[in-house]
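K.L.:
For the record, the sequence lines run as chains A and B. Just so we're aligned: 151 in my numbering is position 139 of the first sequence, and the numbers increase by one with no gaps anywhere. Just so we're aligned: 157 in my numbering is position 145 of the second sequence, and the numbers increase by one with no gaps anywhere. Could you have a look at this structure, given as structure tokens, before my questions?
Protein chains: 2
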Amino acid sequence: MRVSELSRRSGVSIPTIKYYLRDGLLPPGRATAANQADYDESHLRRLRLIRSLIGVRGLSVSATKDVLAAVDEHLGDVHVLLGLVLGVVPAEHPGTPDEPDDSGRADTAGLSEVAALTAELGWKTSPHPPAALVLAETLETLRVLGVDFDWRSLLPYAELADRTAALDLDQLQVAGDPLEQAERAVLLTVLLEPALLALRRLAQEHHSRRRYGG
Amino acid sequence: MRVSELSRRSGVSIPTIKYYLRDGLLPPGRATAANQADYDESHLRRLRLIRSLIGVRGLSVSATKDVLAAVDEHLGDVHVLLGLVLGVVPAEHPGTPDEPDDSGRADTAGLSEVAALTAELGWKTSPHPPAALVLAETLETLRVLGVDFDWRSLLPYAELADRTAALDLDQLQVAGDPLEQAERAVLLTVLLEPALLALRRLAQEHHSRRRYGG
Chain A
13 MRVSELSRRS GVSIPTIKYY LRDGLLPPGR ATAANQADYD ESHLRRLRLI
63 RSLIGVRGLS VSATKDVLAA VDEHLGDVHV LLGLVLGVVP AEHPGTPDEP
113 DDSGRADTAG LSEVAALTAE LGWKTSPHPP AALVLAETLE TLRVLGVDFD
163 WRSLLPYAEL ADRTAALDLD QLQVAGDPLE QAERAVLLTV LLEPALLALR
213 RLAQEHHSRR RYGG
Chain B
13 MRVSELSRRS GVSIPTIKYY LRDGLLPPGR ATAANQADYD ESHLRRLRLI
63 RSLIGVRGLS VSATKDVLAA VDEHLGDVHV LLGLVLGVVP AEHPGTPDEP
113 DDSGRADTAG LSEVAALTAE LGWKTSPHPP AALVLAETLE TLRVLGVDFD
163 WRSLLPYAEL ADRTAALDLD QLQVAGDPLE QAERAVLLTV LLEPALLALR
213 RLAQEHHSRR RYGG
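Given below as structure tokens:
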């Protein structure tokens, strides 16, 4: 396909595609004339993945370049691929996550509680997932505010999150190509976040009406 | 209790408490001397609710004043009370939500899909919940990005959100006093949002490793 069709089918403007080509994010097409090239479905899939990493996950062009280089090396390993595009695994050393920069933010008590939670659930995660810090900070904030809510209170929520994540993984299996699967993972993980919170709010109102409504 | 103890037990500084007293957010204590007053548990509960509305929900002092005035009128109606502090019901006319300012943002197709979803689930909500707009916008964004995901794909997620909301409501029943229940509702709804998304991320990694890990 010509660059105009690539633009139309990807939703990425021609100047932006040319910038990605110059910058090496997108490999060159097959030259067909002095100033023309032919692109195929693999360009389209890669461009759609780039768009999701920059436009939806909010990565910089340079971080996207690192992720794509790592993705190219691990195309056959779906678990590493998903970790890379979702930011669980750093692009520099896939498979061996770094120590996080922000390990000092949550105190040891909070992180031990999160370790107890994941152990109880039997979840195996990478050594320092950013999400564990978020959980530790939430538990500490609730404690500071005097709310009686510890990691055990999170257990039933975690069991529902477990089933939510299983649904997420089911949604990815419809895409056969690894780059398509990676793109879907970014879109359906990041874009569904506000939607899942919105569903909870609607359901809260429904349950509140059922329990307390006139 | 003296203002110093009220400050210690609420986590709100004495100058801020004095500001709330001058501004009428907090009713005056019982005067015990020329420049001293005595405060009771009802002051503490109200102050904690004020702190959660301003510090956690991010309301302005003036919006908090409106919510508190409406709360005072509806202390006996837990459903309206929760709707008020969570922002489902506008403080100006509790029980009859306004047309939203932003009704033009999502097109009719998205909102009809959300209406089909809530009907299928049997959820009864107020006429124009902000959360419905979020859902409509998510469905439209996914459609624009070429992802095959419609309101029916949201159904299994909504069923898990329904169970999450039931847990949320269970957490409120431990608080007997209406103001305490309202405070807990704000804290456990707003502060748990990033934690629930973090649990989903950890569970995604766990499921990805189980399905695709080496």
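Just so it is clear, CB atoms sit at the ideal spot from N, CA and C, and this is done for glycine as well.
Please check if any C-beta of chain A sits within less than 7 Å of the C-beta of B/Asp78.
P.N.:
Numbered from its first residue, the second sequence carries residue 78 of chain B at position 66. Closer than 7 Å: no.
K.L.:
Can you tell me whether A/Asp84 is helix, strand or coil according to DSSP?
P.N.:
Sequence index remark: in the first sequence, residue 84 of chain A carries index 72 (1-based). Secondary structure of A/Asp84 (DSSP, three-state): helix.
K.L.:
Which runs of the beta strand (DSSP E), 3 residues or longer, sit entirely within the stretch 116-142 of chain B?
P.N.:
Counting whole runs of 3 or more residues, the stretch 116-142 of chain B contains no beta strand (DSSP E) stretch at all.
K.L.:
Can the beta-carbon of A/Arg62 be found less than 7 Å from the beta-carbon of A/Leu37?
P.N.:
If you number the first sequence from 1, residue 62 of chain A lands on position 50. If you number the first sequence from 1, residue 37 of chain A lands on position 25. The question names Arg, yet the displayed sequence has Ile at residue 62 of chain A. Their beta carbons are under 7 Å apart, which means A/Ile62 touches A/Leu37 by this criterion.
K.L.:
So, helix, strand or coil for A/Gln48, using DSSP?
P.N.:
Locating residue 48 of chain A in the first sequence gives position 36, counting from the first residue. Secondary structure at A/Gln48: strand, using DSSP grouped into helix, strand and coil.
K.L.:
For the ligand ATP, is there any heavy atom lying closer than 6 Å to the beta carbon of B/Ala43?
P.N.:
The ligand ATP is absent from the structure shown, which contains no ligands of any kind.
K.L.:
Given that B/Thr201 touches chain A, what residues does it touch there, using C-beta distances under 9 Å?
P.N.:
As a first step, residue 201 of chain B is located in the second sequence; it is residue number 189 there, counting from the start. Correct list: Arg212, Arg213 and Gln216.
K.L.:
Could you have a look at B/Arg34 and say whether DSSP puts it in helix, strand or coil?
P.N.:
Numbered from its first residue, the second sequence carries residue 34 of chain B at position 22. In this structure, B/Arg34 counts as helix in the three-state DSSP scheme.
K.L.:
Let me confirm a value: B/Gln48 is counted as buried when at least 16 other C-beta atoms fall within 10 Å, else exposed. Which label applies?
P.N.:
By one-based count along the second sequence, residue 48 of chain B stands at place 36. B/Gln48 is exposed by the Cβ-count criterion.
K.L.:
With a threshold of 7 Å between beta carbons, is B/His91 in contact with chain A?
P.N.:
As a working mapping, residue 91 of chain B is identified with position 79 in the second sequence. So yes, B/His91 belongs to the interface.
K.L.:
Residues of the stretch 21-51 of chain A with a CB closer than 8 Å to any CB of chain B: list them in chain order, please.
P.N.:
Gly23
K.L.:
Between the stretch 134-151 of chain B and chain A, which residues of the former have CB atoms less than 9 Å from a CB of the latter, in chain order?
P.N.:
Gly134, Trp135, Lys136, Thr137, Ser138, Pro141, Pro142, Ala143, Ala144, Leu145, Val146, Leu147, Glu149, Thr150 and Leu151
K.L.:
Can you tell me whether DSSP reads B/Ala187 as helix, strand or coil?
P.N.:
For this step, residue 187 of chain B is matched to residue 175 along the second sequence. B/Ala187 falls in the coil class under three-state DSSP.
K.L.:
According to DSSP, simplified to helix, strand and coil, what is B/Arg69?
P.N.:
Start at 1 with the first residue of the second sequence, and residue 69 of chain B comes out as number 57. Coil, per DSSP.
K.L.:
Thinking C-beta only, is A/Val100 closer than 7 Å to A/Ser54?
P.N.:
In the first sequence, counting from the first residue as 1, residue 54 of chain A sits at position 42. In the first sequence, counting from the first residue as 1, residue 100 of chain A sits at position 88. In this structure, A/Val100 does not lie closer than 7 Å to A/Ser54 by Cβ.
K.L.:
Touch check for the stretch 167-178 of chain A and the stretch 207-223 of chain B: three-plus C-beta pairs under 8 Å?
P.N.:
Contact holds: three or more Cβ-Cβ distances are below 8 Å.
K.L.:
Helix, strand or coil: how does DSSP classify B/Arg42 here?
P.N.:
Position 30 of the second sequence, counting from 1, holds the residue named residue 42 of chain B. Three-state DSSP puts B/Arg42 in a strand.
K.L.:
Give me the Cα-Cα distance between B/Ala187 and B/Arg196, rounded to the nearest whole angstrom.
P.N.:
Residue numbering aside, residue 187 of chain B sits at position 175 when the second sequence is read from its first letter. Residue numbering aside, residue 196 of chain B sits at position 184 when the second sequence is read from its first letter. C-alpha separation (whole angstroms): 8 Å.
K.L.:
Look up A/Asp180 in the DSSP assignment and say whether it is helix, strand or coil.
P.N.:
Position 168 of the first sequence, counted from the start, is the residue given in the question as residue 180 of chain A. A/Asp180: helix per DSSP, three-state reduction.
K.L.:
Could you tell me whether any Cβ in chain B is nearer than 7 Å to the Cβ of A/Leu71?
P.N.:
Reading the first sequence from its first residue, position 59 is the one you call residue 71 of chain A. False, the Cβ-Cβ gap to chain B never drops below 7 Å.
K.L.:
Helix, strand or coil for A/Ala144, going by three-state DSSP, please let me know.
P.N.:
Here residue 144 of chain A refers to the residue found at position 132 when the first sequence is read from its first residue. A/Ala144 falls in the helix class under three-state DSSP.
K.L.:
Nearest to A/His91 by alpha carbon, out of A/His219, A/Leu181 and A/Leu208?
P.N.:
Numbered from 1 along the first sequence, position 79 holds the residue referred to as residue 91 of chain A. Comparing Cα positions, the closest option is A/Leu181.
K.L.:
For the alpha helix (DSSP H) that A/Ala207 lies in, which residues bound it at each end?
P.N.:
As a working note, residue 207 of chain A is residue 195 in the first sequence. It spans Leu204 to Tyr224 - the alpha helix (DSSP H) in which A/Ala207 sits, taken as one unbroken run.
K.L.:
State the Cα-Cα distance for the pair B/Ser299 and A/Ala131, rounded to the nearest angstrom.
P.N.:
Outside the modelled stretch of chain B, which goes from 13 to 226, sits residue 299 of chain B, for which no answer is possible.
K.L.:
Can you give me, in chain order, the residues of the stretch 161-190 of chain B that have a beta carbon less than 8 Å from any beta carbon in chain A?
P.N.:
Phe161, Ser165, Leu166, Pro168, Tyr169, Ala170, Leu172, Ala173, Asp174, Arg175, Thr176, Ala177, Ala178, Leu179, Asp180, Leu181, Gln183 and Val186
K.L.:
Indicate whether at least one CB of chain A lies closer than 7 Å to the CB of B/Val159.
P.N.:
The residue given as residue 159 of chain B occupies position 147 in the second sequence. So, interface residue.
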